[in-house]
Each structure stands twice: as C-alpha cells, then as structure tokens.
Amino acid sequence: MTLRVRWLGKVPYRDALALQRGLFASDERYLLLLEHPHVYTLGVRADPAHVLVDPAATGAEIVYADRGGDVTYHGPGQLVGYPIVDVAMGPDAVPAYVRTVEQLVIDTLADVGLTGAARLPGYPGVWVGDRKICAVGVRISRGRSMHGFALNVDPDISYFAHIVPCGIADKGVTSLAAQGVKVSMAEVVDALVARAATVWGPSVERQGAAWNRGGRGAPPASDAGGTGEGLQISDRKPPWLRSKAHMGTEFLDLKRTMRSLDLVTVCEEAGCPNIFECWGDGTATFMINGERCTRACGFCLVDTRRPDVRPDPNEPEHVAEAVARMGLAHAVITAVARDDLADGGAAQFAACVAAVRRRCPGTSVELLIPDCKGDDGALDTVFASKPDVLNHNLETVLRLQRPVRPSASYGRSLAVLARAKAAGLVTKSGIILGMGEREDEVAGAMADLRNVGVDILTLGQYLRPSAAHL
57 MTLRVRWLGK VPYRDALALQ RGLFASDERY LLLLEHPHVY TLGVRADPAH VLVDPAATGA
117 EIVYADRGGD VTYHGPGQLV GYPIVDVAMG PDAVPAYVRT VEQLVIDTLA DVGLTGAARL
177 PGYPGVWVGD RKICAVGVRI SRGRSMHGFA LNVDPDISYF AHIVPCGIAD KGVTSLAAQG
237 VKVSMAEVVD ALVARAATVW GPSVERQGAA WNRGGRGAPP ASDAGGTGEG LQISDRKPPW
297 LRSKAHMGTE FLDLKRTMRS LDLVTVCEEA GCPNIFECWG DGTATFMING ERCTRACGFC
357 LVDTRRPDVR PDPNEPEHVA EAVARMGLAH AVITAVARDD LADGGAAQFA ACVAAVRRRC
417 PGTSVELLIP DCKGDDGALD TVFASKPDVL NHNLETVLRL QRPVRPSASY GRSLAVLARA
477 KAAGLVTKSG IILGMGERED EVAGAMADLR NVGVDILTLG QYLRPSAAHL
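Residues 57 to 526 (my numbering) make up the sequence shown, in order.
Structure follows, in structure tokens:
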C-alpha cells in the first residue's frame, strides 16, 4: 500500500487534529508533516499543574488531546509528524510502535549530522544525553495510529520553560540547532521521508506546500511554488469553452427578482462566464453576508475592499422568497469570507437554511462555506443547520495554495470537510484546474478529499477574470 506523505506547512493544532481524525477513518496510510503555531498540548494522563503559566501570556493556546503522555509544546521550528498507519495488534503493540517511531527519528538525526541521539531507558522519546530532542506521544485504536512525534529542529526553546515538558522535571530539552547542527527544515523533512519509506513504504506518494522564505528552519532558497504562465490575455478560447451571451426573458426575470429582493449572486460578483446559461435556465447561486470579501484569493473577482455593512437580518427571508419565486428544487447558498465577524457569518448561513425550509420545505439546500478560520463554534453553527449538502472548496493542489489563496490553507480545508463528515453531513468540494498544477498533484488532492470522506467532487476550468489575476 502507498504511503501518502504531506508537508502541510504551518497548521493550527485543532485543524491538524480534525484532519488526523478524518484520515484515521479511511483505510490509507498517511504521514502528515507540519509545524504548529505556539501551542501547549496535554495528553490524557497529563497533570494540569505541569503548565506553569497562563499560556495566553506567552501567546500560545492550550489544547487537551487524546494522545498518551503529559504536557508538551509545539511551535515554529519544530517538525511535527503524524503517522496514520496500520499497526499490528498484540500485547506489545503500543511499545513496539513507539520504538519504531523513535528509531525513525534516531536514524533521521544521524542522516542530517547528529550522532549520539538515542533512547533513554524508562523515558519515551529521543534523547541527547539527558536532554530530549524529540517527544513521542501516540494513540492506537482499532489497529490504526494517530498523533506521533515532535522533533526540535530550531524552535524557540524558551517556550519549554513555561511547562514541565512531558512531566519530567529533572531533564532538559534540546534541538538540532542547540547541538550545533545547522540544517534547514526542508532538509530534515527530506531525510525523514526517505527513512519513512523504508518503514511504511516502499511506495511513497508525496505532496508539499511551498516553503516559506526565511524564518526558523526555512531552507536557504525556497521553492516559490508559483502558478503556471497560462495563455496570453489576447489568445482566443477554444470554441467549446466560449459561452454566448443570451439575455432573454428568463435571464431578465431572474435579474429583476434579485434586484427587487436586494440579493447578491456569486454569478455576478465573481464574473462567472456561465451566468447566461444558468440564469437562462432559471438558476443562480445566492451570495450572502454582503458583496465584499475579507480575503484576496488570486483567482477571484469578488470585491476585496473592507466590508462596510453587517449581515442584513432580512436577507434569509429574501433568499427564501427568491427560491420560491424561482421554483428551485435545489438551492445553493454561498458567501464572501467575513473574517471581520466574530462567527465568520455562520449564523447567517444557518438562518438562510431555516428560512428556505420554512418557505419551501421540498427544496434541498446546499451551503458553500468559507473556512470560518477553523473556529469550532462557527462551524458547529453551520453544521447544526443540517444543510442537505455541505460544500467547502479545496480550490487547488497543495503546492499552489499560497499563491492561489494566501489567507486559507490546504490542511484547514481538509479539516473543515472532515469535521462536516463527522457531523453526519453529505460533503462536497471543488478543485479549479488550469493554474499550473500537475496531473499527479490533482490525483493526490482527489485522494486526500476521498480519504476525509468527501462524497461529491467537482473539477472546473480556470478562466482568468482579468490581467491582474493569476
């Protein structure tokens, strides 16, 4: 079986945990490699007294995790690995698996120039003398693993002073940098993946986010991860891709409906070339929460000026009225990203679902949502409204995430979809093609979506909205 390796870049802990849980439910093997923003995590047997300060005072959050072990720290400059693999069960299964992970790290450290890293009898993890360089905390259930290891490449070691690391008061912490080994995060990742292939391979399918320039653990010259050059703006599209502008009775009637109810559609705001075909058929995608987006995705034509209005409290009823007038059997509702709102606009989504169900009980409702910054409460509000389809677009492959949508992330989007599936919803996502992605990258993204439980996938052709876009 293939080991799917994903370098995800920086991923908040809660997003990574949701993604792990989604992949855990699949039958494929994964190795997730990433960095976390500053966070303290406590395992199931952790003593809260081992957190010595208010984490908020250090700029870190605190999360209770379902792994073994006590309290530990994760942050930039630390390589975190989450192997999600099958584990042969038996009376010694967990200790044997921990030894496998420890040996993987020990061999990797030797490959990048640190000799002498070893186990310390009676203590899990990897040590250099009496200082821990890699924490190991795992969970094994139903013959599958979760959680994993945290290898200190070049983190800010001072964050460990605010806790009793792993509940061990008389031992220290170290890193590759502190041991005098100057090596980039990219080089450590490459070395570790090569070793992982011998443990969980030999077949490896690898995808990675573009590397940051500068910062702790960054390679000296990173991959820009840019999009493709594309066609010249003057080049003609092939005939099958060109749509004709038909503004007949149906088109004009629908436009009057939208204007009379003061509604916004993504068809207009995003400059969709299919508007004439869709509106001519009497269908449209409603866009709620205003027409200004707080993000600036490289492919999107929607207005990115600062939003100047609160969500309209009458909007849900207006959407429901439009659905009734149009006689829709299936209504699609999306929104701009509203990072300026405490709930990201989640309550308005829920209100729209409720309004459509009251006005048109036979109509199914599909929500196409932003990521709501991964906020638990916001996503729970949307999921609790029980849309018939929960859609969240991945948009592009892992390597192109930064240039295509710099305020979002691959890991978070997969986490949103995994959480929606765990909530019992029918899930859907979409990928835009034509921005420089490779065929193998698309296949990898499709596999990732399938393995977090996505039910429906759409693939769309990118059409550049203007010369200022990707």
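C-beta: ideal position from N, C-alpha, C; glycine also.
Assigned exposure category for residue i - 16 Cβ within 10 Å defines buried
{"i": "residue 70", "result": "buried"}
{"i": "residue 440", "result": "exposed"}
{"i": "residue 303", "result": "exposed"}
{"i": "residue 457", "result": "buried"}
{"i": "residue 297", "result": "exposed"}
{"i": "residue 97", "result": "buried"}
{"i": "residue 293", "result": "exposed"}
{"i": "residue 57", "result": "exposed"}
{"i": "residue 330", "result": "exposed"}
{"i": "residue 85", "result": "buried"}
{"i": "residue 178", "result": "exposed"}
{"i": "residue 465", "result": "buried"}
{"i": "residue 427", "result": "buried"}
{"i": "residue 433", "result": "exposed"}
{"i": "residue 91", "result": "buried"}
{"i": "residue 422", "result": "buried"}
{"i": "residue 120", "result": "exposed"}
{"i": "residue 443", "result": "buried"}
{"i": "residue 238", "result": "exposed"}
{"i": "residue 206", "result": "buried"}
{"i": "residue 506", "result": "exposed"}
{"i": "residue 480", "result": "exposed"}
{"i": "residue 208", "result": "buried"}
Integer Cβ distance of residue i from residue j, believed to fall under 8 Å
{"i": "residue 445", "j": "residue 493", "result": "Not a contact, Cβ separation roughly 25 Å."}
{"i": "residue 160", "j": "residue 255", "result": "6 Å"}
{"i": "residue 438", "j": "residue 402", "result": "5 Å"}
{"i": "residue 338", "j": "residue 310", "result": "6 Å"}
{"i": "residue 64", "j": "residue 88", "result": "6 Å"}
{"i": "residue 131", "j": "residue 212", "result": "6 Å"}
{"i": "residue 343", "j": "residue 313", "result": "Rounded, the Cβ-Cβ distance is 15 Å, inconsistent with contact."}
{"i": "residue 508", "j": "residue 477", "result": "7 Å"}
{"i": "residue 430", "j": "residue 263", "result": "Going by Cβ atoms, the distance from residue 430 to residue 263 rounds to 21 Å, so no, they are not a contact pair."}
Own chain residues within Cβ distance below 8 Å of residue i, not counting five before or after
{"i": "residue 114", "result": "94, 215, 218"}
{"i": "residue 199", "result": "142, 143, 144, 145"}
{"i": "residue 194", "result": "123, 124, 150, 153, 154, 157, 201, 202, 203, 204"}
{"i": "residue 51", "result": "A query on residue 51 cannot be resolved here, the shown segment of the chain reaching from 57 to 526 and no further."}
{"i": "residue 291", "result": "none"}
{"i": "residue 336", "result": "302, 304, 306, 307"}
{"i": "residue 360", "result": "348, 349, 350, 351, 352"}
Beta-carbon proximity list for residue i, same chain, < 6 Å, skipping 5 on both sides
{"i": "residue 249", "result": "61"}
{"i": "residue 424", "result": "390, 447"}
{"i": "residue 272", "result": "Note that residue 272 scores 47 on pLDDT, short of 50, meaning its location in the model is unreliable and no value can be drawn from it."}
{"i": "residue 367", "result": "345, 404"}
Extent of the continuous alpha helix (DSSP H) to which residue i belongs
{"i": "residue 139", "result": "Here residue 139 belongs to no alpha helix (DSSP H); instead the beta strand (DSSP E) covers 134 to 140."}
{"i": "residue 159", "result": "149 to 167"}
{"i": "residue 196", "result": "It is not in any alpha helix (DSSP H) - residue 196 instead sits in the beta strand (DSSP E) that spans 187 to 197."}
{"i": "residue 372", "result": "371 to 382"}
{"i": "residue 460", "result": "457 to 460"}
{"i": "residue 313", "result": "305 to 316"}
{"i": "residue 76", "result": "69 to 80"}
{"i": "residue 42", "result": "Any question about residue 42 goes unanswered here, given that the chain covers just 57 to 526."}
Cβ neighbours of residue i in the same chain (closer than 7 Å, five flanking residues each side left out)
{"i": "residue 274", "result": "Its pLDDT being 46, under 50, residue 274 is placed unreliably in this model, and the coordinates cannot settle the point."}
{"i": "residue 162", "result": "173, 174, 182"}
{"i": "residue 374", "result": "317, 318, 319"}
{"i": "residue 504", "result": "470"}
{"i": "residue 334", "result": "323, 340"}
N-terminal and C-terminal residue of the beta strand (DSSP E) that residue i is part of
{"i": "residue 179", "result": "179 to 184"}
{"i": "residue 391", "result": "386 to 391"}
{"i": "residue 332", "result": "Segment 331 to 336 is the alpha helix (DSSP H) holding residue 332; no beta strand (DSSP E) there."}
{"i": "residue 244", "result": "Note, residue 244: premise wrong, no beta strand (DSSP E); alpha helix (DSSP H) at 241 to 256."}
{"i": "residue 325", "result": "Premise fails: residue 325 lies in the alpha helix (DSSP H), 322 to 325, not in any beta strand (DSSP E)."}
{"i": "residue 445", "result": "445 to 447"}
{"i": "residue 206", "result": "200 to 208"}
Chain B contact for residue i (CB, 7 Å cutoff)
{"i": "residue 93", "result": "Protein chains in the displayed structure number just one, and chain B is not present."}
Check: Taking three-plus beta-carbon pairs below 8 Å as touching, is the region 380 to 390 in contact with the region 347 to 356?
Finding: No, the region 380 to 390 is not in contact with the region 347 to 356.
Item checked: Sufficient close CB pairs (3 or more, under 8 Å) joining the region 226 to 236 to the region 253 to 268 -> Taking 8 Å as the limit for Cβ pairs, the verdict is that the region 253 to 268 does not touch the region 226 to 236.
Next item on the list: Kindly confirm or deny that the region 403 to 420 and the region 373 to 383 touch, where touching means at least three C-beta pairs closer than 8 Å.
Entry: Three or more beta-carbon pairs drawn from the region 403 to 420 and the region 373 to 383 are found closer than 8 Å, and the two stretches are therefore classed as touching.
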